[in-house]
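> There's a structure below that I have some questions on.
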Amino acid sequence: MRTGHEITIKQTLKTALGAELKQAITVLQLSSQELINYVEQQLVENPLLELKEEEGDSETPLNEIKEAESVEDYGSDWVDYFCDSSDLGFVPKPETDSPPVLPEPPGRLPTLYEHLTSQLGFLRLGKEERLIGEYLIGNIGVDGYLKATTEEVAFSLGVPEETVEKVLKLIQTMDPPGVGARSLKECLSIQAERSGMDYIVKAVISDHLEELAAGKVAKIASRIGVSTDQVAKAVKAVRSLNPKPGSVFAGEPVQYIVPDLIIQKTGGEYVVLINDNAYPRLRTNPTYRELLRRGGLNRETKVFIQSKLKQALWLIKSIEKRQTTLHRIANVLVDMQRGFLDAGVSALKPLTLKEVAEAVGLHQSTVSRAIANKYVQCPRGIFQLKFFFNSAVTERGGSTIAAQSVKHWIKEIVAAENPERPLSDQEIARALYLRGARISRRTVAKYRADLSIPGAAKRRNSRRMSK
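Residue numbers in the sequence shown follow the working numbering, run continuously in steps of one, and reach 467 at the last position.
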C-alpha cells in the first residue's frame, strides 16, 4: 500500500458574485429608508455621483460618455439604459409656478433629558451631588427608566454608593412621576405613593404583579385578605398608572412609513405606480464627464474617473432594476389578490413565493429579497408586501383559505362574544368550522397569540376590572 503526499491539479466550477452584482442584490433588498441612507454613503464616496434635485436637471448625455471612451467597458446595456429615459410607473408631480405652501412645524417638545436637567438646577446640591445627578439623568432612557445600577454609577464616578442612592431618590421625586425607576415595580410604587393610593394598591404592586398579569384576582384577594371587589378596584387604579413615564416627552424620532408602490383604482382597474418620493434621483457629475470628453488627463486620473463613473452608472441602473422588479411583482399581486382589493381581508387568497416567482419569471430568492421591508399603498390601506403572501388553511369543501383571513375571522368572533362568557379556543375553532375553516384548537391558540388576544380567562377578568 502506497502512502505519502501527492500534488494534483483539479478543475472545478464555482459561482462568484462580482462587486456590481453584490451591489444590485443589496439595493434590491433594502427598504426605502435604508436605500436613501445607502445612496447618501455612495454620494460621499463617489465624486461622480450626485442627486438630481430638480426636474429640470439634465440626464447624463450618452454622447459624452461615448467620447470619454468609457461606455465600451460597460456593454450595450448602458446604451439601452440611457436611450430609454422613461420612468416606469412614476407618480407625476403637479406642474405649478409657485412652490407648495407647507404648514408651519409645531414647536419642538423638550426631551426627557432637558426636562430633568432643568429641574435639577432648582435643587440645592453640592458640586459632587450635582455631578452625580447629571450622570444619573444621562443614564435615564427615553422610557424614563434608569439604565445603569447605582453600583456602576458609584464605580464610574468614584463616589460612595450611598451618595448615589441619595441623589437618585431626589431624581425620583421629579416630574414625571415614576422617572428614574429601575424596574416596573419601583416605577408603579413611586406613582402610587405620590398619588396617595391605599394599602391594597401598594400591596398589589409590591407583591402580586405576576398574579395581576395572569388575571388571578381571587388569588390576590385571598392572599391580601380582602374582597375580590376591593382587589378589582385596586387593579383598576394600578392600570391607571403610567408604566413608561418618559413616553410623554420627545424621544427617538418617529419612523414614518414611505410606501415603495402605490396601487390606484382607475376605471374599474387597478394600476401599479412607483412612488417617486421613495427613491433618490441620481445622475453623474457633468464636470467630470467634461474632463473625460476633453481628454489630456494622465493615465492614473483617467482610470480613476472611469472607475468611479462605472460605479455610479451601475448604482443608477441597480435602482432602476429594483423599481422594475417591484413593479412586475406588484402587478402579479394585483392579479392574484384582486379579491382582497375589492372585498378586504376576508377575500385574501393563499399565496406562496413560488407561485409569484413563476408568474414573474424570477427566482424565489429574488422575489424574497424584493419584498423584504417594502410597503404598498392601496385603497385598503398601507401594507407590507409580505402581507399578500399567506399560508393555506383547508376549508370544509377541500379548497383552501388564507391564514390571514382566518385571523381576521378570529378577531370578529372575539369582538362579538359575550363579555361575561368569553369563548374558549375550542369554541372559536367550532365557530370557524361553521364559517368554513377547518383548523385545530392549537392552531386557534397560535393565531390568537399572533393577534395579541389573551385567553378566555384573561379576557373575562380584564373586562371585569375595566368596569
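A virtual CB, placed ideally from N, CA and C, is assigned to each residue, including glycine.
Just so you know, these numbers come straight off a predicted model, no measurement behind them.
1. Am I right that L516 and F389 are in contact with their C-beta atoms under 8 Å? What's the rounded C-beta distance?
2. Looking only at its own chain, which residues have a Cβ that is under 7 Å from the Cβ of K308, when we skip the five neighbours before and after it?
3. Grouping DSSP H, G and I as helix and E and B as strand, with all else coil, what is Y256?
4. Could you tell me the distance, in whole angstroms, from the CA atom of I171 to the CA atom of G180?
5. Let me confirm a value: P92 is counted as buried when at least 16 other C-beta atoms fall within 10 Å, else exposed. Which label applies?
6. Going by the DSSP bridge assignment, what does E269 pair with across the sheet?
7. Quick one: give me the first and last residue of the alpha helix (DSSP H) that F383 is part of.
8. Measure the alpha-carbon distance for Q230 versus K202 and round it to whole angstroms.
9. Do you know whose CA, among A24, V39, T117, lies nearest A278's CA?
10. Who are the near neighbours of Q11 in its chain, counting only those whose CB is closer than 6 Å to its CB and skipping five residues on each side?
11. How is Y375 classed by DSSP in three states: helix, strand or coil?
12. Based on the DSSP secondary-structure assignment, which residues constitute the bridge partners of L261?
13. Are the beta-carbon atoms of I382 and I257 separated by less than 8 Å?
14. What's the C-alpha gap between E358 and L313?
15. In three-state DSSP terms, what is I220?
16. Can you give me the start and stop residues for the alpha helix (DSSP H) that T448 sits inside?
17. Over what stretch of residues does the alpha helix (DSSP H) that includes E420 continue unbroken?
18. Which residues in the same chain have their Cβ closer than 8 Å to the Cβ of Y113, if we skip the five residues on either side of it in sequence?
19. Tell me where the beta strand (DSSP E) around E50 begins and ends.
20. Given a cut-off of 8 Å, decide if G339 and A347 are closer than it, judged by their beta-carbon atoms.
21. Mind checking which residues open and close the beta strand (DSSP E) that includes L125?
22. I'd like to know whether the C-beta of L131 is nearer than 8 Å to at least one C-beta of chain C.
23. Can you check whether the CB of I413 is closer than 8 Å to the CB of A431?
24. So, at 6 Å on beta carbons, what are the nonlocal neighbours of A449 in its own chain, with the 5 sequence-adjacent residues on each side left out?
25. Buried or exposed, going by whether 16 or more other CB atoms sit within 10 Å of the CB of T8?
26. Just reading off the beta strand (DSSP E) that L282 is part of, what are its end residues?
27. Please report the residue range of the alpha helix (DSSP H) in which R430 lies.
28. Would you call the stretch 363–381 in contact with the stretch 25–40, where contact means no fewer than 3 C-beta pairs closer than 8 Å?
For this structure:
1. Any answer about residue 516 is impossible in this case: the structure gives the chain only from 1 up to 467.
2. Looking up residue 308 in the sequence shown gives position 308. N46, P47, L48.
3. Numbered from 1 along the sequence shown, position 256 holds the residue referred to as residue 256. Looking at Y256 - three-state DSSP - the assignment turns out to be coil, as it is neither helix nor strand.
4. Here residue 171 is taken as the residue at index 171 of the sequence shown, counted from 1. Here residue 180 is taken as the residue at index 180 of the sequence shown, counted from 1. Whole-angstrom Cα-Cα distance: 6 Å.
5. For the purposes of this step, residue 92 is taken as the residue at position 92 of the sequence shown. Per-residue confidence for P92 stands at a pLDDT of 43, beneath the threshold of 50, marking its modelled position as unreliable; the derived number appears in the next sentence. Answer is exposed; the Cβ neighbour count stays below 16.
6. If you number the sequence shown from 1, residue 269 lands on position 269. Paired residue(s): T266.
7. The count along the sequence shown starts at 1 and reaches residue 383 at position 383. First-last for F383: 381–384, but that is the beta strand (DSSP E), not the alpha helix (DSSP H).
8. As a first step, residue 230 is located in the sequence shown; it is residue number 230 there, counting from the start. As a first step, residue 202 is located in the sequence shown; it is residue number 202 there, counting from the start. Roughly 13 Å separates the two Cα atoms.
9. Here residue 278 refers to the residue found at position 278 of the sequence shown. That would be V39, whose Cα lies nearest to the Cα of A278.
10. Taking the sequence shown and counting its residues from 1, the one referred to as residue 11 is at position 11. Cβ neighbours of Q11 beyond the five flanking positions: none.
11. Taking the sequence shown and counting its residues from 1, the one referred to as residue 375 is at position 375. Y375: strand per DSSP, three-state reduction.
12. As a working note, residue 261 is residue 261 in the sequence shown. I274, V376, per the DSSP bridge assignment.
13. Within the sequence shown, residue 382 is the residue found at index 382, counting from 1. Within the sequence shown, residue 257 is the residue found at index 257, counting from 1. In this structure, I257 lies closer than 8 Å to I382 by Cβ.
14. Against the sequence shown, residue 358 aligns to sequence position 358. Against the sequence shown, residue 313 aligns to sequence position 313. Straight-line Cα distance between these residues: approximately 30 Å.
15. In the sequence shown, residue 220 corresponds to position 220, counting from 1. In the structure shown, I220 sits in a helix (DSSP, three-state: H, G or I).
16. Taking the sequence shown and counting its residues from 1, the one referred to as residue 448 is at position 448. Note on identity: in this sequence residue 448 is Arg, with Thr being the wrong assignment. Where R448 is concerned, the enclosing alpha helix (DSSP H) stretches over 441–450.
17. Residue numbering aside, residue 420 sits at position 420 when the sequence shown is read from its first letter. Note, E420: premise wrong, no alpha helix (DSSP H); not H, not E.
18. Walking along the sequence shown from the start, residue 113 turns up at place 113. Closer than 8 Å at Cβ, skipping near neighbours: I137, G138, I140.
19. Counted from its first residue, the sequence shown places residue 50 at position 50. Its beta strand (DSSP E) spans residues 49–51.
20. Mapped onto the sequence shown, residue 347 falls at position 347. Mapped onto the sequence shown, residue 339 falls at position 339. It is a contact, given that the beta carbons lie within the stated cut-off.
21. As a position in the sequence shown, residue 125 is number 125, starting the count at 1. Neither: L125 is in no beta strand (DSSP E) and is coded neither H nor E.
22. No chain C is part of this structure, which consists of one protein chain only.
23. As a position in the sequence shown, residue 431 is number 431, starting the count at 1. As a position in the sequence shown, residue 413 is number 413, starting the count at 1. Against a cut-off of 8 Å, the Cβ pair of I413 and A431 comes out as a contact.
24. Locating residue 449 in the sequence shown gives position 449, where the first residue counts as 1. Cβ within range, chain order: n/a, list empty.
25. Along the sequence shown, read from residue 1 onward, the residue named residue 8 stands at position 8. It counts as exposed.
26. Here residue 282 refers to the residue found at position 282 when the sequence shown is read from its first residue. Residues 282–284.
27. Here residue 430 is taken as the residue at index 430 of the sequence shown, counted from 1. Segment 425–435, the alpha helix (DSSP H) holding R430.
28. yes
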